[in-house]
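So the structure is just underneath, and the comments pick up after that.
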Amino acid sequence: MLARVQDRGIEIRIPTTPFGQHIMLSKKILGNPTSERTHTSTYVEKAQYLQRDRRMQICLILALLLARSINGFHLTSTSISQRCVRSPTKVAPLALPVRLPGRLQISARDLSDTNFDLAVIGGGPVGVSAALLAARAPFLKKVVLIDAPRASGALMNEETGEDLSIGGPTGLFSKALRDAGKKISVTSLKGMGLRDDSIWNEIVTSCVELASYNSRDVLRQLEYAGVTYAQGCAAFADSGGSSSLFVTASDNSISTVSAEKILLATGSTPFRPGGIPFDGKRVFDSDSINTLSYLPKSVAITGSGIIAIEFAKIFKNLGSDVTLIIRDTIPRNALMKIGLDKDIAATLVADLVRSGIKIERGAQVKRFHVPRDNDKAPIILDLEAKGGGERPSGEATTVKCDVYLAAVGRKPNTQNLNLAAACIKADQYGGIEVDNELKSTASGGNVYAAGDVLGRPFLASTGMAQGVAAIKNMFRKEIEDASESEEECDSDREVCLAGDLNMTGDNFDPKSLASNPFAFPTGVWSSPEASYYGLSTQQCKDMGIDAGEGVALYAECLRGLVFSPNGLLKLVFDKSNGRIMGVHICGDDACELIHYGMELVKSKRTIDDVLSNLYSAVTFHEMYRIAALATVDEAGARKRRAAAGRALAARIRGSAEE
Ligand SMILES: Cc1cc2nc3c(=O)[nH]c(=O)nc-3n(C[C@H](O)[C@H](O)[C@H](O)COP(=O)(O)OP(=O)(O)OC[C@H]3O[C@@H](n4cnc5c(N)ncnc54)[C@H](O)[C@@H]3O)c2cc1C
Numbered sequence: 001m002l003a004r005v006q007d008r009g010i011e012i013r014i015p016t017t018p019f020g021q022h023i024m025l026s027k028k029i030l031g032n033p034t035s036e037r038t039h040t041s042t043y044v045e046k047a048q049y050l051q052r053d054r055r056m057q058i059c060l061i062l063a064l065l066l067a068r069s070i071n072g073f074h075l076t077s078t079s080i081s082q083r084c085v086r087s088p089t090k091v092a093p094l095a096l097p098v099r100l101p102g103r104l105q106i107s108a109r110d111l112s113d114t115n116f117d118l119a120v121i122g123g124g125p126v127g128v129s130a131a132l133l134a135a136r137a138p139f140l141k142k143v144v145l146i147d148a149p150r151a152s153g154a155l156m157n158e159e160t161g162e163d164l165s166i167g168g169p170t171g172l173f174s175k176a177l178r179d180a181g182k183k184i185s186v187t188s189l190k191g192m193g194l195r196d197d198s199i200w201n202e203i204v205t206s207c208v209e210l211a212s213y214n215s216r217d218v219l220r221q222l223e224y225a226g227v228t229y230a231q232g233c234a235a236f237a238d239s240g241g242s243s244s245l246f247v248t249a250s251d252n253s254i255s256t257v258s259a260e261k262i263l264l265a266t267g268s269t270p271f272r273p274g275g276i277p278f279d280g281k282r283v284f285d286s287d288s289i290n291t292l293s294y295l296p297k298s299v300a301i302t303g304s305g306i307i308a309i310e311f312a313k314i315f316k317n318l319g320s321d322v323t324l325i326i327r328d329t330i331p332r333n334a335l336m337k338i339g340l341d342k343d344i345a346a347t348l349v350a351d352l353v354r355s356g357i358k359i360e361r362g363a364q365v366k367r368f369h370v371p372r373d374n375d376k377a378p379i380i381l382d383l384e385a386k387g388g389g390e391r392p393s394g395e396a397t398t399v400k401c402d403v404y405l406a407a408v409g410r411k412p413n414t415q416n417l418n419l420a421a422a423c424i425k426a427d428q429y430g431g432i433e434v435d436n437e438l439k440s441t442a443s444g445g446n447v448y449a450a451g452d453v454l455g456r457p458f459l460a461s462t463g464m465a466q467g468v469a470a471i472k473n474m475f476r477k478e479i480e481d482a483s484e485s486e487e488e489c490d491s492d493r494e495v496c497l498a499g500d501l502n503m504t505g506d507n508f509d510p511k512s513l514a515s516n517p518f519a520f521p522t523g524v525w526s527s528p529e530a531s532y533y534g535l536s537t538q539q540c541k542d543m544g545i546d547a548g549e550g551v552a553l554y555a556e557c558l559r560g561l562v563f564s565p566n567g568l569l570k571l572v573f574d575k576s577n578g579r580i581m582g583v584h585i586c587g588d589d590a591c592e593l594i595h596y597g598m599e600l601v602k603s604k605r606t607i608d609d610v611l612s613n614l615y616s617a618v619t620f621h622e623m624y625r626i627a628a629l630a631t632v633d634e635a636g637a638r639k640r641r642a643a644a645g646r647a648l649a650a651r652i653r654g655s656a657e658e
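Below is the structure:
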């Protein structure tokens with residue numbers, strides 16, 4: 001064994017490791033020599049690969065001691081031993097450098113006898129962003145954020161009570177998993193002879209690291225803004241009207257919190273249709289999938305919305321065989337229902353097929369056979385046609401899988417809030433009923449709601465915009481002075497018509513944010529990403545606008561052709577004046593690229609404006625010019641797209657033949 005200090009870090013050579021012959025402890029892993037816990041704990045997580053083999057462990061410890069003597073690092077024997085005894089199949093809590101600042105997270109008991117200006121219930125992206133806004137100038141409110149940790153598997157450190165999902169969206173684990181799938185090549189690791197449980201440990205460690213960056217940042221922001229954060233489950237107190245809350249802490253102690261205003265941001269939970277034997281081990285919903293503790297060889301997913309598609313690609317990228325079971329016979333229809341342009345939806349579906357995901361169309365699961373006495377035996381799903389009955393001949397009647405995921409919608413989280421005590425009404429789906437100021441029917445007129453708790457469209461960006469609007473509506477007085485000096489909203493600007501977040505427009509309606517195509521860009525973090533802003537061609541037609549389209553393929557711009565050829569960008573424009581009405585993108589970085597498109601629409605730019613702009617070479621932004629060009633030279637554009645398509649097909653064939 002040999003340890004050698006290099007520019008990049010410390011290279012340790014250990015014979016017979018499954019990594020080949022050496023491990024590189026990069027400077028990134030080692031961190032600053034003064035922050036010994038950081039580098040030690042992170043490194044030891046990496047070393048879980050070696051846990052099973054005692055000889056490897058000894059090599060590792062010796063190597064680390066050697067590294068220490070070379071580089072001045074200290075290694076505490078407790079941290080090694082605590083970690084090395086852990087079973088690699090279990091995701092144990094990590095001692096990541098995330099710390100709950102003592103003065104920030106107070107116990108629910110300490111909340112009693114304190115009156116707050118605002119109590120925010122729910123620590124998802126909506127609650128956190130609203131709490132921060134209210135605590136800062138010009139509002140400067142005394143705010144308490146009460147959050148029941150989601151206790152979602154790897155994102156909950158049960159030893160310390162650290163909730164790594166605080167402030168993250170409900171889909172945080174899926175985002176982290178998606179990122180892990182990009183960084184970690186499961187096929188290469190398997191090729192090196194690593195066992196699935198070791199690979200899964202590495203994936204989850206990577207997810208937890210990502211989540212910890214987020215939670216650490218959220219806690220720091222709350223602390224700096226002076227927001228009080230308490231973990232606990234809040235509900236309206238029976239006799240307290242709409243200003244008094246009971247908060248139940250994890251030790252079951254209950255305290256009362258009083259606040260002048262209350263924002264409900266309790267989010268949503270998965271809809272669980274009857275008949276599905278959810279067990280959190282092999283049969284999951286879109287939340288409990290966060291507790292998955294092994295790398296499945298095969299996954300079957302019911303659903304055709306974004307969450308289903310997102311997980312289908314994630315598991316495919318992680319090397320699983322994936323089957324998507326959808327009721328519609330045309331997969332893109334479900335995506336169009338949530339607002340995606342037809343070509344964007346078709347691109348996403350084409351990507352699923354190309355990546356080898358099997359799609360069972362016009363189908364539903366009739367019966368589940370989950371072997372309870374044998375974890376290794378596959379789950380068998382009996383399929384039937386949509387609505388019941390036999391599937392057409394030639395179609396599969398059964399699907400075998402290790403893991404089943406139902407991603408069939410979500411419902412607002414309102415059951416445990418004791419809404420009746422505050423006279424708050426919910427709709428038939430459980431969503432809080434609000435007026436156009438996002439104010440609920442609460443007896444005191446002081447309770448507002450934002451985010452998933454209102455129901456569709458269950459998107460983080462929608463909810464956060466609603467949260468901003470709710471705070472501004474609650475504390476109008478504080479922003480009156482600031483807005484007096486602001487320019488009045490020109491009613492001709494869509495941003496005002498559609499719901500200016502500065503609330504200067506007469507037609508402002510935060511409730512309509514959900515359905516308003518000009519309120520904000522919509523980003524879907526599928527893989528590839530999809531994003532849009534403004535109107536689709538169909539919406540233009542419905543509004544009596546004679547609309548045209550200009551399309552650029554990723555494969556038509558140099559950066560796309562070389563690095564990421566799958567996808568397209570579409571400009572929708574008003575034929576009468578060339579004004580750009582909407583932008584729709586599917587492909588790499590779509591959620592980033594959309595913001596330039598949003599500015600084009602908001603500032604009434606035309607196709608000519610885009611054509612006269614210069615775009616740096618080897619950027620995805622070149623697609624804006626190519627799409628604009630396509631609107632003035634349709635025949636040429638068709639030829640260019642055909643050529644790009646042929647080049648792409650040849651490339652795919654080439655890589656398949658290699
Ligand atoms: C797999 C998946 C993928 C997704 N992908 C995307 C995407 O690509 N783009 C996008 O825009 N959106 C996406 N979403 C949706 C997005 O995650 C949600 O819209 C967003 O998290 C909603 O935020 P929220 O703050 O309203 O609620 P949540 O994030 O659900 O947070 C609510 C919080 O309130 C807490 N809580 C509940 N009841 C109580 C109570 N009584 N007392 C105290 N606390 C309570 C909960 O524990 C939770 O911490 C995805 C969701 C999932 C599940």
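Going by the UniProt record's numbering, the residue at position 609 of the sequence shown is 609; the numbering climbs one at a time, nothing skipped.
Backbone N, C-alpha and C define an ideal beta-carbon position, used for all residues, glycine too.
Thinking C-beta only, is isoleucine 594 closer than 8 Å to tyrosine 532? yes
Exposed or buried, what is tyrosine 404 when buried is set at 16 or more other beta-carbons lying within 10 Å of its beta-carbon? buried
Can you give me the Cβ contacts of alanine 590 inside the same chain, cut-off strictly under 6 Å, excluding the 5 residues immediately before and after it? Glu529, Ala530, Ser531
Reference asparagine 524; option with closest CA among Ile344, Val257, Ser616: Correcting the residue identity first, residue 524 is valine in this sequence and not asparagine. Answer by Cα proximity: Ile344.
Check: phenylalanine 236 C-beta below 7 Å from any heavy atom of ligand 1: no
Three-state class that DSSP yields for isoleucine 254 in the structure shown: strand
From what residue to what residue does the beta strand (DSSP E) around aspartate 285 run? 283-285
Are three or more beta carbon pairs between the stretch 365-374 and the stretch 244-251 nearer than 8 Å? no
With DSSP as the reference, label valine 447 as helix, strand or coil. strand
Does the beta carbon of phenylalanine 271 fall short of 7 Å from some heavy atom of ligand 1? no
Rounded to whole angstroms, what is the Cα-Cα separation between arginine 640 and asparagine 473? 51 Å
Using beta-carbon positions only, say whether glycine 550 and leucine 571 come within less than 8 Å of one another. yes
Measuring straight from C-alpha to C-alpha, what distance separates arginine 372 and glycine 280? 13 Å
Within 7 Å: the Cβ of aspartate 373 and any heavy atom of ligand 1? no
Heavy atom of ligand 3 less than 7 Å from the Cβ of threonine 619, yes or no? For the structure depicted, ligand 3 is absent and the ligand set comprises only ligand 1.
For the stretch 328-406, which segments carrying the alpha helix (DSSP H) assignment without a break, of at least 4 residues, lie completely within its bounds, in sequence order? 332-337, 342-354
Coarse secondary structure for cysteine 540, derived from DSSP in three states: helix
As assigned by DSSP and simplified to three states, the class of glutamate 223: helix
List, from N- to C-terminal side, the alpha helix (DSSP H) runs of 4 residues or more that fit wholly inside the stretch 548-602. 558-563, 590-602
Terminal residues of the continuous beta strand (DSSP E) containing leucine 118? 115-121
Quick check: is any heavy atom of ligand 1 less than 7 Å from the C-beta of serine 286? yes
For arginine 410: DSSP bridge partner residues: Pro270
What's the C-alpha gap between isoleucine 184 and alanine 130? 35 Å
Near alanine 644, which residues of its chain fall below 6 Å by C-beta distance, leaving aside the five closest residues on each side in sequence? Leu553, Ala555, Glu556
Cutoff 7 Å; reference lysine 175; Cβ partners in own chain excluding five residues on either side: Trp525
With DSSP as the reference, label aspartate 546 as helix, strand or coil. coil
Would you kindly report the start and end of the unbroken beta strand (DSSP E) that includes phenylalanine 311? Careful: phenylalanine 311 lies outside any beta strand (DSSP E), inside the alpha helix (DSSP H) at 306-317.
Report the option in Ser320, Ala119, Lys439 whose CA atom is closest to the CA atom of isoleucine 357. Ser320
According to the Cβ coordinates, are serine 603 and asparagine 413 closer than 8 Å? no
Which residue marks the beginning of the beta strand (DSSP E) containing leucine 245, and which one marks its end? 244-248
Do valine 385 and ligand 1 come close, with the Cβ less than 7 Å from some heavy atom? Residue 385 is actually alanine in this sequence, not valine. No, ligand 1 has no heavy atom inside 7 Å of this Cβ.
Tell me whether isoleucine 652 is buried or exposed, calling it buried when 16 or more other Cβ atoms sit within 10 Å of its Cβ. exposed
Nearest-angstrom beta carbon gap, alanine 265 and glycine 534 [assumed within contact, 8 Å]: Not quite, the Cβ-Cβ distance comes to about 27 Å (not below 8 Å), so this is no contact.
Am I right that leucine 118 and alanine 137 are in contact with their C-beta atoms under 8 Å? What's the rounded C-beta distance? About 15 Å separates the two Cβ atoms, so there is no contact after all.
Which value, in whole angstroms, describes the spacing of the CA atoms of glycine 171 and glycine 455? 16 Å
Compute the minimum distance between the beta carbon of cysteine 586 and the heavy atoms of ligand 1, and state whether it is under 7 Å. no
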